[in-house]
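Quick note: the sequence shown uses the numbering used here, first residue 9, plus one each step.
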Amino acid sequence: MVYASTELPVRLRRACLKLDKELDTRLYSIGIPAILNLALPSLLVTFLNSLLAAFSGSYVVVLGIYYKLQTFLYLPANGIVQGMRPLISYNYGAGEHKRVRRLYQITLILSAAIMAAGTLGCLVASEPLMRLFTSTPETVEAGKIALRIICLGFVISAISTTSSGALEGLGKGTQSLVISLCRYIVFIMPLAWVLCRQFGPVGVWNAFWATEVLSAIVSLIVYKKSV
């Protein structure tokens with residue numbers, strides 16, 4: 009209705025609505041991996057909840073609290089990555105590969121700095137952070153341990169998030185999906201399953217930082233091969 013009632017400099021014609029196989033393929037090659045990237049964390053949380061529920065409901069609560077805290081930490085880091093994407097795309101298309109590398113480095117440094125602040129906060133103030141959400145002593149104590157272990161992978165996770173975002177900006181959605189699969193399924197699920205049987209819930213928390221280390225290695229390899 010708005011289009012029909014407003015005079016715009018751009019007019020749509022029936023010819024514009026025809027499918028373009030090459031263009032559509034390129035669009036979906038970026039869009040579908042991006043959709044899956046958003047869906048994978050939910051799948052991971054469901055899996056981890058099923059593992060932790062076998063020990064105690066308190067650990068499920070701890071995981072939920074962690075993801076709430078993580079949201080506040082990753083929001084600014086993801087905002088920087090989102091801002092990097094169009095800049096990398098423009099410069100890559102213009103053949104400015106030196107600028108692309110520089111943008112990647114700056115984003116990585118800024119993201120790592122934010123994650124370092126989050127790591128420090130979890131190490132120093134894990135108990136106050138947990139008490140923002142619960143006053144149950146058992147849950148607070150379990151949460152303190154969880155935050156102090158999981159946060160060990162925060163800084164190195166900047167490599168995966170930055171590489172994944174850069175690859176999406178370069179139109180390489182499939183490569184970006186590979187990194188996300190490593191972070192949310194390929195590494196953490198088997199690690200959490202094995203470690204929780206050896207060390208209990210603590211094994212699940214250790215699976216987080218171990219996954220970030222392995223994913224960072226994969227991210228660097230994939231990024232260097234793709235750019």
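For glycine and all other residues, C-beta sits at the position ideal for the given N, C-alpha and C.
Beta-carbon spacing of residue 168, residue 191 below 8 Å: yes
Less than 6 Å between C-beta atoms, sequence neighbours within five positions excluded: which residues of the same chain meet that for residue 184? 41, 172, 175, 176
May I ask which residues mark the beginning and end of the alpha helix (DSSP H) holding residue 26? Element bounds for residue 26: n/a, residue is neither H nor E.
Alpha carbon of residue 144 to alpha carbon of residue 207, nearest angstrom: 23 Å
Quick check on residue 235: does DSSP put it in helix, strand or coil? coil
Cβ distance (whole Å) where residue 60 is taken to contact residue 71 below 8 Å: 6 Å
Residue interval of the alpha helix (DSSP H) (run including residue 204): 196–207
In chain order, what are the residue ranges of uninterrupted alpha helix (DSSP H) at least 4 long that sit wholly in the region 58–112? 65–101
If I follow the unbroken alpha helix (DSSP H) through residue 177, where does it start and stop? 162–177
If contacts are defined as beta-carbon pairs under 8 Å, then residue 216 and residue 161 qualify, I think. What distance do you get, rounded to the angstrom? 5 Å
Is residue 209 buried or exposed, if buried means 16 or more other CB atoms sit within 10 Å of its CB? buried
Taking the alpha helix (DSSP H) that residue 187 falls in, what are its first and last residues? 181–189
Count the other CB atoms, across all protein chains shown, that sit within 10 Å of the CB of residue 226; report buried if there are 16 or more and exposed otherwise. buried
Helix, strand or coil for residue 139, going by three-state DSSP, please let me know. helix
Could you say which of 79, 135, 146, 149 lies nearest to residue 122 if we only look at CA atoms? 79
Please determine, among 179, 223, 205, the residue with the shortest C-alpha to C-alpha distance to residue 36. 179
Quick check: the Cα distance between residue 55 and residue 213, rounded to an integer number of angstroms? 14 Å
Buried versus exposed call for residue 239 [16 or more other C-beta atoms within 10 Å across all chains shown]: Past the edges of the chain, shown from 9 to 235, lies residue 239, and the structure says nothing about it.
Using a Cβ-Cβ cut-off of 7 Å (strictly less than) and excluding sequence neighbours within five positions of residue 88, which residues of its own chain qualify? 115, 118, 119
Inspect the beta-carbon positions of residue 76 and residue 141 and report whether they are closer than 8 Å. yes
Contact between the region 198–206 and the region 152–166 (3+ Cβ pairs under 8 Å): no
Roughly how many angstroms lie between the CA atoms of residue 95 and residue 111, to the nearest whole one? 8 Å
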